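In my numbering, the protein residues as written are 24 to 473. We put the CB at the ideal spot given by N, CA and C, even for glycine. All values derive from a computational prediction rather than experimental measurement. For reference, the structure discussed in these notes is given below.
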Amino acid sequence: MNQTALIRGKSYTAQKIILWLLLLGLLLFLTRIGARHYFRDEAVKTGTFPVMVGRVFALWAIALLLLQPVLAARLRFLDRVFGLDRLLKFHRFSGIACLILTSSHPMLMYVSGLKKLGPLSSEQWPEALGGICIVGLWLAVVSSVWRKFLALSYEEWIRLHKFMAPVVILALSHMFIIESAMRKGWLLGFWIVLLVLWASIVIAAKVVFPAQRAASEAFVVSSVSAEADKIWQISLKPAADIERFSFLPGQFAFISVESSEIPHEEHPFTIASAPADSASLQFLIKASGDWTKKLSAVRTGDKVRVSGPFGVFSSYRHQASSLIMIAGGIGITPMLSTLRQLSHEKSDLPVKLIWSYRTSAEAPCLAEIESLRQALPNLEIEKIVSRESSAGKDALTRLDKPALAKLMPEFKAGALVMLCGPTAMMSDVRVALQALGYPSSAMLCEEFSL
Ligand SMILES: Cc1cc2nc3c(=O)[nH]c(=O)nc-3n(C[C@H](O)[C@H](O)[C@H](O)COP(=O)(O)OP(=O)(O)OC[C@H]3O[C@@H](n4cnc5c(N)ncnc54)[C@H](O)[C@@H]3O)c2cc1C
Numbered sequence: 024m025n026q027t028a029l030i031r032g033k034s035y036t037a038q039k040i041i042l043w044l045l046l047l048g049l050l051l052f053l054t055r056i057g058a059r060h061y062f063r064d065e066a067v068k069t070g071t072f073p074v075m076v077g078r079v080f081a082l083w084a085i086a087l088l089l090l091q092p093v094l095a096a097r098l099r100f101l102d103r104v105f106g107l108d109r110l111l112k113f114h115r116f117s118g119i120a121c122l123i124l125t126s127s128h129p130m131l132m133y134v135s136g137l138k139k140l141g142p143l144s145s146e147q148w149p150e151a152l153g154g155i156c157i158v159g160l161w162l163a164v165v166s167s168v169w170r171k172f173l174a175l176s177y178e179e180w181i182r183l184h185k186f187m188a189p190v191v192i193l194a195l196s197h198m199f200i201i202e203s204a205m206r207k208g209w210l211l212g213f214w215i216v217l218l219v220l221w222a223s224i225v226i227a228a229k230v231v232f233p234a235q236r237a238a239s240e241a242f243v244v245s246s247v248s249a250e251a252d253k254i255w256q257i258s259l260k261p262a263a264d265i266e267r268f269s270f271l272p273g274q275f276a277f278i279s280v281e282s283s284e285i286p287h288e289e290h291p292f293t294i295a296s297a298p299a300d301s302a303s304l305q306f307l308i309k310a311s312g313d314w315t316k317k318l319s320a321v322r323t324g325d326k327v328r329v330s331g332p333f334g335v336f337s338s339y340r341h342q343a344s345s346l347i348m349i350a351g352g353i354g355i356t357p358m359l360s361t362l363r364q365l366s367h368e369k370s371d372l373p374v375k376l377i378w379s380y381r382t383s384a385e386a387p388c389l390a391e392i393e394s395l396r397q398a399l400p401n402l403e404i405e406k407i408v409s410r411e412s413s414a415g416k417d418a419l420t421r422l423d424k425p426a427l428a429k430l431m432p433e434f435k436a437g438a439l440v441m442l443c444g445p446t447a448m449m450s451d452v453r454v455a456l457q458a459l460g461y462p463s464s465a466m467l468c469e470e471f472s473l
């Protein structure tokens, strides 16, 4: 095992600050470029205040548009610093910001009187390019925010979303054609440097890195079994004699299966095995939708691609003096990986696992988790079974505020809470923990949705 993967306490604060400062610096620089006419004599002709704001908005929108594929490209470095889930949240937020900025841009031009309201003439095709760009952005944002309402499956939405790539080219063409200043002197130099840098990052992320990793991401199914009701346990071993797949307990990977019976799609799953386990990777997958329901067709020997690891939901990135794990249903998988790793280390870390599930038949690896107490002397397990008639009269059946008040120890500095489960449960638990004096900084949360 790659021991370097298990160094605790690396927070990447410096890298975070540098990356935020770079983005802020770029936006400030673009503000200066957009506002340049306003501070010169040209202001009399073209530099009214709304025009200046419109130009600045358009330049900010272009910066955010360029950022979009970088945020979504699953770059390992950015994932280590911020976590893929947060990068994708920022991707969604900056997409909406981009839409607001681009939609305001033509309005400000009309308000200033620089452009006349009405149908565009044939000479105004560069303006039409900008218009198409705005329509594309509306499509991207509406289909993302209201995906479920529009009854779009995740795969249909991804295909539509990828179709948005030309929007960046349209926005840049619109700017270069209309703003002649951008095609001259040092400003042209600035755009060439920025665009070459951007294209290199995108090409590296989409083409070069995947090609380099193809061999190390190739696995085959070594065993597959039903671990609990509607939950598959799939174990994988590397297809070739490759360097070990190194990850932290709690991290996830995207997997895709090569089988004529299973659609060739990538889906994210937490690695349930521990880094210290033998050369195989184990996943526990709940049949919850179209694709996961088809996993009953997986056979030993099927080829699987594993892209990862990703995510920052790992106690191994922190210096914790005690660990409280709160899991709902299949949200146990990151906890299981962590517990398995701690048991390999014969750790004496105080750990409390609070696991809420419906019935024992739906709880994967229950017996194994109970047995981990032997290797982990300070492991405490609290089970909350919501749908089992055999549960005693005083047994807790809901993971709610009163239950947490009973089960949670008083907060002590150094305690770390790991929380993973259904979205509604997680938000209720977060609120309850805050009320019990647990600060947000002591909570790590993983939602099983990106
Ligand atoms: C970080 C992370 C770790 C996860 N770990 C586990 C685990 O250990 N065990 C487990 O059973 N489940 C896990 N999941 C959930 C699992 O990824 C989804 O249940 C699965 O992708 C659903 O696919 P489906 O087509 O069967 O269901 P659908 O009903 O089609 O999809 C349900 C929802 O899953 C999400 N989703 C679907 N396809 C994708 C995709 N290709 N990429 C990203 N999201 C998608 C969408 O939000 C969608 O609305 C994890 C999810 C994430 C984000």
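Exercise. Does DSSP put R182 in a helix, in a strand, or in coil?
Worked result: Stepping through the sequence shown from its first residue, residue 182 is reached at position 159. Residue state, collapsed to three classes: helix.
Problem set entry | C388, DSSP secondary structure in three states | Looking up residue 388 in the sequence shown gives position 365. The answer is coil: DSSP assigns C388 none of H, G, I, E or B.
Exercise. Is the number of C-beta pairs between the region 282-289 and the region 313-324 that are closer than 8 angstroms three or more?
Worked result: yes
Problem set entry | Where P189 sits in the DSSP three-state scheme | Working through the sequence shown from its first residue, we reach residue 189 at position 166. Here P189 sits in helix by DSSP.
Exercise. Quick one: does the C-beta of D451 sit closer than 7 angstroms to a heavy atom of ligand 1?
Worked result: As a position in the sequence shown, residue 451 is number 428, starting the count at 1. It does not: the Cβ of D451 is nowhere closer than 7 angstroms to a heavy atom of ligand 1.
Exercise. Apart from the five residues on each side of it in sequence, which residues of its chain come closer than 6 angstroms, Cβ to Cβ, to L173?
Worked result: Walking along the sequence shown from the start, residue 173 turns up at place 150. Counting only Cβ-Cβ distances below 6 angstroms, and skipping sequence neighbours, we find nothing.
Exercise. What did DSSP end up calling Q274 once you bin it into helix, strand or coil?
Worked result: Along the sequence shown, one-based indexing puts residue 274 at 251. Here Q274 sits in coil by DSSP.
Exercise. Does the beta-carbon of A458 have 16 or more other beta-carbons within 10 angstroms, so that it is buried, or is it exposed?
Worked result: By one-based count along the sequence shown, residue 458 stands at place 435. It counts as exposed.
Exercise. Considering only residues of the same chain and omitting the five flanking positions on each side of G351, which have a CB-CB separation below 6 angstroms?
Worked result: Counting from 1 along the sequence shown, the entry for residue 351 is found at position 328. Around G351: S379, G444, P445, M448.
For this session: Ignore the nearest five residues each way along the sequence and tell me which others in K495's own chain have a CB closer than 6 angstroms to its CB.
Result: Within the shown structure, residues of the chain are numbered from 24 to 473, placing residue 495 beyond reach of any answer.
For this session: Would you decide whether F100 is buried or exposed? Buried here means 16 or more other CB atoms lie within 10 Å of its CB.
Result: If you number the sequence shown from 1, residue 100 lands on position 77. Exposed is the call here.
Exercise. Quick one: is the Cβ of G312 within less than 7 angstroms of any heavy atom of ligand 1?
Worked result: In the sequence shown, residue 312 corresponds to position 289, counting from 1. Yes, Cβ of G312 sits closer than 7 angstroms to a heavy atom of ligand 1.
Problem set entry | Where L51 falls, given that 16 or more other Cβ within 10 Å makes a residue buried | One-based indexing of the sequence shown puts residue 51 at position 28. Looking at its Cβ environment, which holds fewer than 16 other Cβ atoms inside 10 Å, L51 is exposed.
Exercise. Are the Cβ atoms of V219 and V321 separated by less than 8 angstroms?
Worked result: As a working mapping, residue 219 is identified with position 196 in the sequence shown. As a working mapping, residue 321 is identified with position 298 in the sequence shown. The answer is no: Cβ separation not under 8 angstroms.
For this session: Let me know the beta strand (DSSP E) ranges lying completely inside the region 223-277, each 3 residues or longer, listed in chain order.
Result: 241-251, 254-261
Problem set entry | DSSP beta-bridge partners of K326 | By 1-based counting over the sequence shown, the position of residue 326 is 303. K326 is bridged to V243, E281.
Problem set entry | Proximity test, E250 beta-carbon vs ligand 1 heavy atom, cut-off 7 angstroms | Here residue 250 refers to the residue found at position 227 of the sequence shown. Checking the Cβ of E250 against ligand 1 gives no.
Exercise. Who are L467's beta bridge partners in DSSP?
Worked result: The residue given as residue 467 occupies position 444 in the sequence shown. According to DSSP, L467 bridges with M441.
Problem set entry | Secondary structure of A350, DSSP reduced to three states | Reading the sequence shown from its first residue, position 327 is the one you call residue 350. Here A350 sits in strand by DSSP.
Problem set entry | 4-residue-minimum alpha helix (DSSP H) runs that sit fully inside the region 86-130, ordered along the chain | 99-105
For this session: Determine the extent of the alpha helix (DSSP H) in which V335 is found, giving its start and end residues.
Result: The sequence position of residue 335 within the sequence shown is 312, counting from 1. Counting along the chain, V335 falls outside any alpha helix (DSSP H), and DSSP gives it neither H nor E.
For this session: May I ask you to check if the CB of I361 is nearer than 7 angstroms to at least one heavy atom of ligand 1?
Result: As a working note, residue 361 is residue 338 in the sequence shown. For clarity, residue 361 is Thr in the given sequence; the question names Ile instead. No, since every heavy atom of ligand 1 falls outside the 7 angstroms radius drawn around the Cβ of T361.
Exercise. At which residues does the alpha helix (DSSP H) containing M158 begin and terminate?
Worked result: To locate residue 158, count along the sequence shown from 1; it is residue 135. What sits at residue 158 in the sequence shown is Val, not Met. Counting along the chain, the alpha helix (DSSP H) containing V158 begins and ends at 148-168.
Problem set entry | Whole-Å CB distance - F270 paired with F292, under 8 angstroms assumed | Indexing the sequence shown from 1 puts residue 270 at position 247. Indexing the sequence shown from 1 puts residue 292 at position 269. Not confirmed; about 12 angstroms, so no contact.
Problem set entry | Distance between T36 and A96 (C-alpha atoms, nearest Å) | Along the sequence shown, read from residue 1 onward, the residue named residue 96 stands at position 73. Along the sequence shown, read from residue 1 onward, the residue named residue 36 stands at position 13. Roughly 22 angstroms separates the two Cα atoms.
Exercise. In chain order, what residues of the same chain have a beta carbon less than 8 angstroms from the beta carbon of R236, not counting five sequence neighbours either side?
Worked result: Taking the sequence shown and counting its residues from 1, the one referred to as residue 236 is at position 213. S330, listed in sequence order.
Problem set entry | K309 CB to nearest heavy atom of ligand 1 below 7 angstroms | In the sequence shown, the residue the question calls residue 309 occupies position 286. Yes.
Exercise. Relative to ligand 1, is the shortest distance from any of its heavy atoms to the C-beta of F172 smaller than 7 angstroms?
Worked result: As a first step, residue 172 is located in the sequence shown; it is residue number 149 there, counting from the start. No, ligand 1 has no heavy atom inside 7 angstroms of this Cβ.
Exercise. What does a CB cutoff of less than 8 angstroms around A58 pick up in its chain, not counting 5 residues either side in sequence?
Worked result: Stepping through the sequence shown from its first residue, residue 58 is reached at position 35. Within the same chain, A58 has close Cβ partners M75, R78, V79.
Problem set entry | Cβ contact check for the region 244-260 and the region 123-139: 3 or more pairs under 8 angstroms | no
For this session: Would you tell me roughly how many angstroms separate the C-alpha atoms of A384 and W180, rounded to the nearest one?
Result: On the sequence shown, position 361 is the one that residue 384 refers to. On the sequence shown, position 157 is the one that residue 180 refers to. Near 34 angstroms, if we compare the C-alpha coordinates of W180 and A384.
Problem set entry | As assigned by DSSP and simplified to three states, the class of P357 | Position 334 of the sequence shown, counting from 1, holds the residue named residue 357. Reduced to three states, the DSSP call for P357 is helix.
Exercise. How big is the Cα-Cα spacing for T382 and K406?
Worked result: Residue 382 sits at position 359 when you count from the first residue of the sequence shown. Residue 406 sits at position 383 when you count from the first residue of the sequence shown. One C-alpha to the other measures close to 10 angstroms.
For this session: Flag P291 as yes when its Cβ comes closer than 7 angstroms to any non-hydrogen atom of ligand 1, and as no otherwise.
Result: Locating residue 291 in the sequence shown gives position 268, counting from the first residue. Yes, Cβ of P291 sits closer than 7 angstroms to a heavy atom of ligand 1.
For this session: Give the straight-line distance between the Cα atoms of A28 and L98, rounded to the nearest whole angstrom.
Result: For this step, residue 28 is matched to residue 5 along the sequence shown. For this step, residue 98 is matched to residue 75 along the sequence shown. Low confidence applies to A28: its pLDDT is 39, below 50, so where it sits in the model is not reliable, and the reading given next is rough at best. A28 and L98: Cα-Cα distance of roughly 18 angstroms.
Problem set entry | Beta carbon of V452 nearer than 8 angstroms to that of L467 | Numbered from its first residue, the sequence shown carries residue 452 at position 429. Numbered from its first residue, the sequence shown carries residue 467 at position 444. No, Cβ-Cβ distance for V452 and L467 is not below 8 angstroms.
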